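A.B. asks:
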Amino acid sequence: MLNKIIIAIDGTSSTGKSTIAKRLAKRLKYVYIDSGAMYRALTFYAIQKEYISKNHFDTNKLINDLSNIYIDFKESKETNKFEVHLNGMSVEKHIRSLSVSNLVSKVATIGKVRKQMVKVQHSLGLNKGIVMDGRDIGTVVFPNAELKFYLDASSDLRAKRRFKELIDSNHDISYNEVLSNINLRDGQDMSRKNSPLTVASDSIVINTDDISLDQLENKLLSHVTPLLSKK
Ligand code: CDP
7 MLNKIIIAID GTSSTGKSTI AKRLAKRLKY VYIDSGAMYR ALTFYAIQKE YISKNHFDTN
67 KLINDLSNIY IDFKESKETN KFEVHLNGMS VEKHIRSLSV SNLVSKVATI GKVRKQMVKV
127 QHSLGLNKGI VMDGRDIGTV VFPNAELKFY LDASSDLRAK RRFKELIDSN HDISYNEVLS
187 NINLRDGQDM SRKNSPLTVA SDSIVINTDD ISLDQLENKL LSHVTPLLSK K
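Numbering (my numbering), first residue to last: 7 to 237.
#1: Are there 16 or more other CB atoms within 10 angstroms of the CB of Y51, so buried, or fewer, so exposed?
#2: How is N213 classed by DSSP in three states: helix, strand or coil?
#3: For S201 and D220, what's the separation of their Cα atoms in angstroms?
#4: So is the beta-carbon of Y45 under 7 Å away from any non-hydrogen atom of the ligand CDP?
#5: Using DSSP bridges, identify the partner residues of H91.
#6: What separation, rounded to the nearest whole angstrom, lies between the Cα atoms of E183 and D192?
#7: Start and end of the beta strand (DSSP E) containing I11?
#8: Is K23 near the ligand SAM - that is, is its Cβ less than 7 Å away from at least one heavy atom of it?
#9: Go to K154, then tell me how far its alpha helix (DSSP H) extends in each direction, as first and last residue.
#10: Which residues share a DSSP beta bridge with H177?
#11: Are K32 and D139 closer than 8 Å when you measure CB to CB?
#12: Is D195 near the ligand CDP, judged by its Cβ being under 7 Å from some heavy atom?
#13: Please confirm whether D158 and T25 have their CB atoms less than 8 Å apart.
#14: For I143, which residues from the same chain have a beta carbon less than 6 Å from its beta carbon, with the 5 sequence-adjacent residues on both sides left out?
#15: Within a Cβ cutoff of 7 Å, which residues of the same chain sit near A43, ignoring the five residues on either side of it in sequence?
#16: So N9 and S207 are supposed to be a Cβ contact under 8 Å. How far apart are they, rounded?
#17: In this structure, does DSSP put G131 in helix, strand or coil?
#18: From N189 to D174, what does the alpha carbon distance come to, in whole angstroms?
#19: Under a three-way DSSP split, which group does S59 fall into?
#20: With three or more beta-carbon pairs closer than 8 Å as the criterion, would you say the stretch 152–169 touches the stretch 210–229?
#21: Based on Cα-Cα distance, which residue from F88, N61, K112, I12 lies nearest to R198?
#22: Tell me whether M95 is buried or exposed, calling it buried when 16 or more other Cβ atoms sit within 10 Å of its Cβ.
Here it is in C-alpha cells:
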C-alpha cells in the first residue's frame with residue numbers, strides 16, 4: 007500500500023491554494039479540506055445571529071454558542087463536492103459573499119474559536135490522506151505534516167483572480183472591493199496574536215504570479231511523489 011501523508015497548504019488570500027489543493031487531492035485520491043470554509047461558516051452563523059456586524063462584535067455570545075455549533079463537511083449528491091455544513095445544513099452558497107469575507111478574519115482572531123476549529127481539523131486528519139489549506143495548517147494544526155507548502159502572489163493578481171471567480175459565480179462586486187478585502191484580511195491574518203499567518207520553517211515557498219495551474223500542480227507533485235513510496 008502507498009504511504010498516506012498530510013499535505014498542508016498555507017498562504018495569503020486568493021493565491022490559488024484551494025484550486026491546487028483540490029487538484030492534488032483528486033490526483034492522489036485524498037480528501038481535500040478547506041479550513042477557511044469552517045471560519046467562514048462560523049462567521050455566517052455569527053452574522054445571522056447578529057453577534058457581529060461592521061462596528062460591533064459580541065465575542066462572548068459567539069464563544070458561549072461554540073459548544074452547540076457543529077461544523078463538518080459532507081459530499082453533495084448534486085455536485086459530488088464536499089461542502090461545509092453548519093449544524094447539518096450546507097452553507098457553501100452563503101459563505102463567499104463580501105459580508106462574510108469582510109468579517110471572517112475578525113472571527114478568526116479569537117483563540118477559543120480557533121481551538122474549536124483545530125479540534126475538528128485534527129479529527130479530519132486522523133487517517134492522513136488529506137490535503138488541507140488555510141493559514142495555520144503547517145504551523146499550528148499539523149506541525150508534523152509530511153509536506154508543507156506556502157503560496158504567495160502579488161495582491162493585484164490575487165484580486166484579479168478572485169474578482170473573476172466571484173463574477174463567474176454571479177456575485178455583485180467590484181474589483182476594488184475585492185482588492186481592499188484581500189488587503190484587509192492579509193493584514194488581520196498576519197498580525198493577529200493567535201496563530202498568525204507565517205511561513206513554517208520547513209515550508210516550501212512558491213510564488214504563483216507567473217506560473218500556470220498545470221505547472222504548479224507538477225511542481226507540487228514533484229515533492230509529493232517521493233514521499234509516497236510503498237510501505
Ligand atoms: O479563500 P481565501 O484565501 O480568500 O480565504 P479562506 O481560506 O476562505 O479563509 C478565510 C479567512 O479565514 C482567512 O482570511 C482567515 O482569516 C481565516 N482562516 C484562518 O484564520 N485560518 C485558517 N486555517 C483558514 C482560514
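Here a beta-carbon is modelled for each residue, glycine too, at the ideal position from N, C-alpha and C.
Keep in mind the model is a prediction, meaning the values are calculated, not measured.
C.D. replies: Once the coordinates are examined:
#1: With 16 or more neighbouring CB atoms inside 10 Å of its own CB, Y51 falls in the buried class.
#2: Residue state, collapsed to three classes: strand.
#3: 31 Å
#4: yes
#5: Under the DSSP definition of a beta bridge, H91 partners with D78, S96.
#6: 14 Å
#7: Note, I11: premise wrong, no beta strand (DSSP E); not H, not E.
#8: Of the ligands one can find in the structure shown, namely the ligand CDP, none is the ligand SAM.
#9: Counting along the chain, K154 falls outside any alpha helix (DSSP H), though it belongs to the beta strand (DSSP E) covering 153–158.
#10: According to DSSP, which records beta bridges pairwise, H177 is partnered with nothing at all.
#11: No. Outside cutoff.
#12: yes
#13: The beta carbons of D158 and T25 sit no closer together than 8 Å.
#14: Cβ-Cβ distances below 6 Å link I143 to A14, D16 in the same chain, with the five nearest sequence neighbours on each side left out; the list follows chain order.
#15: Only V90, I101 meet the Cβ criterion.
#16: At roughly 23 Å, the Cβ-Cβ gap does not stay under 8 Å, so N9 and S207 are not in contact.
#17: coil
#18: Those two C-alpha atoms are separated by around 22 Å.
#19: Here S59 sits in strand by DSSP.
#20: yes
#21: K112
#22: exposed
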